[in-house]
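*Asks:*
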Amino acid sequence: MGFWVQLKLLLWKNFTLRKRQKVRLLIEIIWPLILFMILVWIRTSRPPYSQHECHYPSKALPSAGLIPFMQTLICNFDNKCYDQPLAGEAPGRVFEFKDSPLSQLYFDIDELLSNDTELLGLENLVEDYQALQELVEFFNNRSAVVHQKQRRRDAAVHSLRRDYYDGTAGALAAAGATVSSWVQLGPMKKSVTPHECGRSLQVSARRSSSSDKRNSASWAAVRCSSDGLKFADMLVDVDRMERFLRHNLSLAPDIVTDLITAELNPQQAVQMIFTDRVPLRWIVCNETLLGRLIIFTNPSVTSNVTTAMCGLSAQNLTALAREFQRDVDWSKFLEEIFNFVQDNTSLDPAEAQARWNATFQRLRRLSEDIGTLGSFQSIINDIQNITSLLREENGTIPSLGLLVCGREDALNVGSFADNMRIFTQESMQSTQFRDYFDKDDSNDAGDFAKDNRTTPFCQKLFHQLDSQRLTKFLWSYLKPLLAGKIPYSPNTPAVRKILQEANSTFQEIGRLEDFADTWLTVLSPEINETLTNSDTVNFIRDYLSNPLFAEQFDAAMEERLGPDPWLTADWLVGFLGGNTTSGTNYTWVNAIEETNSAFQTLLNYLQCLELNKFEPMETEEDVTIRGHELIADNTLWAGIVFSNMNDDPGSEEVIPPHVEYKIRMDIDVVTHTTRIFDRYWRPGARDRPFNDMAYIRGGFVYLQDMIDQGIIRALTGKDEEPITGVYLQQFPYPCYTKDS
């Protein structure tokens, strides 16, 4: 029988069979489809996973410094995998958080303290402020003499007014007495005799109506009791000032003429500008103040000038002050001011000149000193950035990650929760952890409250961490590091010296805690008292509020700091609590409150740390016994045993060139050695922070680094010199495809 005949019979048989058995035919068709759909579902539900190349952040050990070490604990706790090489992997670079606001603040403060020029500028600033404070106090004390003489002068003027209404003869006599008493206060450049002054009073009385006699007498008395300086004599270019008043300020021609021909009373200028520090707007809008400061040829125009000047805007008043500053002959003006100070403070002329020059020199040097402190710009910016991050209402954790680590994804709560869930499940295989989680917590609050070793804040914090399952496990990991003890043996001078050097990290934390406490109890109240009740601060604020001096200050800052400097007179006035044109509301009060809040928060948490960690024991057996006691309370970090050290407590402090020691830890916080590799190999790095990196999680490598650095310092004797910091860098893992 041929091939084709056999094939024909086989196909006929299969077709006939399925035609007669339709159920079998249906099953044979559906069954492969079901298997195919199962394969499709498995592939779509669990597709192949392509893992990119993994790069891991470096981990700073305690020898790298307190700030990098704390940032590593906070920012790298999840050991996140990045698909691009990180900065710490580049040659010569290890610190990956240098762009974070906290690191920038640390670097800027370190730069300030390490820069001799900056320190000298800060020292000069303090010295010049103290010297200026002495000068202000000196002139304030001397001002009592001026006010006393001013009261005598006002009494004489009052007598003059009273006698004027009694008759012309009485007015002449009173005028003579008044001018004589004023002349005795000090020499005047213009020679005015009592007879001439009295004659001017009589002429003024004849020209004035009966309703203006009182104002005329007052004006004439001021004319007799002042050493006026004409504005025309003080200006370098009178015509330019007239054009400015008419065209730029749109003042009437008669008002401009009255101002140009008027005289400035230097005594009142000192009283208003430097002693009373009256704002310019108050002067031009108050007819009495303006009449005392500016002596017009006709007293009746004072009201018109006041109305015109008070109608000017703030911009126009500032422009007027600047134009006056450019056109005034300062040598004449300051000479008149100096003559008044000299004549009315009973100073020796040489001493008066020295005091007066010193005041302006100190003010100028204060501006220069502040300008030299360039690093303060960065520090202020850093503090404002940190404050803005802490003030955010939403995204607290991303803001904290951006503040400490420089990136919002640093504190990945989702990844942390996943790792904690997996590790918790695996850790429940441990008898210690299972008992720890299953124990009754009903009396924990009372136990924490009875702990006198910590503050109430720490007791509440510990109870909150220990009350929830997720935070409870996290606290079980952190508690040995933060509040744990380290028993060691033997207790000899050599070992104590090594551990004293090894304890430098906790000593830095202790110094930070002491500084925070000192700031809150000593420095902050003193600074607050100084800035609140200081005449010098008020003097500087009012000095910079004057447009004449503010423009000079801004020009000096622009020359030193470049265009658009961060430090301006307006900003400094606002910071010192004055009114500003820009509406600045950030004052020293806000700065003190924010700093106090930050230091108080820092102090609260630092007080929860156990800084006295090392406990001396005589033998290794004692270390073991003490370790079991601490394990029961989960406060054992590790035990340290020095093997080749003389165990005689009275032995000399001699450290062998090769020191042998061992670190003994709880078996549940290190990698188990029941098997040295996984039963089934699967691709992927051992990068899970809680499952695979037990020696870092349990603090083994941190303690080893501290002891190694302590041995190096103790053997070399270079305890004050900086040493090489150590960073751990996990090797990158190549990309792979995982198909389960």
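Numbering (this note's numbering), first residue to last: 2 to 741. Ideal placement from N, C-alpha and C gives every residue a C-beta, glycine not left out. Every value quoted in this text rests on a predicted model; they were computed, and no experiment measured them.
1) Rounded to the nearest angstrom, what separates glutamine 553 and aspartate 240 at their Cα positions?
2) What is the rounded straight-line gap between the Cα of leucine 483 and the Cα of asparagine 613?
3) Would you kindly work out how many angstroms separate the C-alpha atoms of threonine 620 and lysine 719, rounded to a whole number?
4) What do you get for valine 523, buried or exposed, if any count of 16 or more other CB atoms within 10 angstroms of its CB means buried?
5) Do you know how far the Cα of leucine 573 is from the Cα of glutamate 527?
6) Out of Gln460, Leu87, Ile487, which has the shortest C-alpha to C-alpha gap to aspartate 623?
7) Do arginine 665 and alanine 695 have their C-beta atoms closer together than 8 Å?
8) Alpha carbon to alpha carbon, how far is isoleucine 697 from tyrosine 728?
9) Tell me, please, whether the stretch 94 to 107 touches the stretch 732 to 741 by the rule of three or more beta-carbon pairs shorter than 8 Å.
10) Quick check on this structure: which residue in Lys14, Ala61, Lys20 has the alpha carbon closest to the alpha carbon of methionine 707?
11) State the Cα-Cα distance for the pair phenylalanine 325 and threonine 258, rounded to the nearest angstrom.
12) Counting beta carbon pairs with one atom in the stretch 460 to 474 and one in the stretch 672 to 685, are three or more of them shorter than 8 Å?
13) Is the separation between the beta-carbon of tyrosine 107 and that of isoleucine 68 shorter than 8 Å?
14) Tell whether a beta-carbon distance below 8 Å holds between asparagine 645 and proline 658.
15) From what residue to what residue does the alpha helix (DSSP H) around glutamate 616 run?
16) When DSSP builds the beta bridges, which residues end up paired with valine 590?
17) How many whole angstroms separate the CB atoms of aspartate 688 and asparagine 80, which I take to be in contact at a CB cut-off of 8 Å?
18) Using the Cβ count rule (16 or more neighbours within 10 Å means buried), how would you classify glutamate 90?
19) Mind checking alanine 253: buried by the 16 CB within 10 Å criterion, or exposed?
20) Which term fits leucine 11, buried or exposed, when burial requires 16 or more other beta carbons within 10 angstroms of its beta carbon?
21) Would you say leucine 521 and leucine 604 are within 8 Å of each other, going by their C-beta atoms?
22) How is glutamine 52 classed by DSSP in three states: helix, strand or coil?
23) Mind checking which residues open and close the beta strand (DSSP E) that includes tyrosine 489?
24) Span of the alpha helix (DSSP H) holding tyrosine 1?
25) For phenylalanine 516 and isoleucine 641, I'd like the C-alpha separation in whole angstroms.
26) Checking 8 Å against the spacing of the C-beta atoms, do isoleucine 632 and leucine 577 come in under that value?
27) Since I believe glutamate 502 is in contact with arginine 714 (beta carbons under 8 Å), could you give me their beta-carbon distance rounded to a whole number of angstroms?
28) Which class does lysine 719 belong to by DSSP, given the choice of helix, strand or coil?
29) Mind checking which residues open and close the beta strand (DSSP E) that includes valine 742?
30) In the DSSP assignment, find the alpha helix (DSSP H) that holds threonine 636 and state where it starts and stops.
31) How big is the Cα-Cα spacing for phenylalanine 245 and lysine 231?
32) Determine the burial state of alanine 65: buried for a count of at least 16 other Cβ atoms within 10 Å of its Cβ, exposed for fewer.
33) Give me the Cβ distance between leucine 404 and glutamate 514, rounded to the nearest whole Å; I'm assuming they're in contact under 8 Å.
34) What residue from Trp42, Leu87, Arg683 has the CA that sits closest to glutamine 52's CA?
35) Please name the residue in Glu611, Thr307, Arg627, Gln22 whose C-alpha comes closest to that of proline 617.
36) So isoleucine 664 is in the beta strand (DSSP E); what residue range does that whole segment cover?
*Replies:* Short version:
1) 24 Å
2) 11 Å
3) 29 Å
4) exposed
5) 20 Å
6) Ile487
7) no
8) 12 Å
9) no
10) Ala61
11) 16 Å
12) no
13) yes
14) no
15) Segment 615 to 617 is the beta strand (DSSP E) holding glutamate 616; no alpha helix (DSSP H) there.
16) Partner(s): none; valine 590 has no beta bridge.
17) 5 Å
18) buried
19) exposed
20) exposed
21) yes
22) strand
23) 487 to 490
24) Since the first residue of the chain shown is 2 and the last is 741, residue 1 is not available in this structure.
25) 31 Å
26) no
27) 4 Å
28) coil
29) Past the boundaries of the shown model lies residue 742; the chain is included only from 2 to 741, so the question cannot be answered.
30) Per DSSP, threonine 636 belongs to no alpha helix (DSSP H) and is neither H nor E.
31) 18 Å
32) buried
33) The pair is not a contact, with the Cβ atoms about 21 Å apart (cut-off 8 Å).
34) Arg683
35) Arg627
36) 662 to 665
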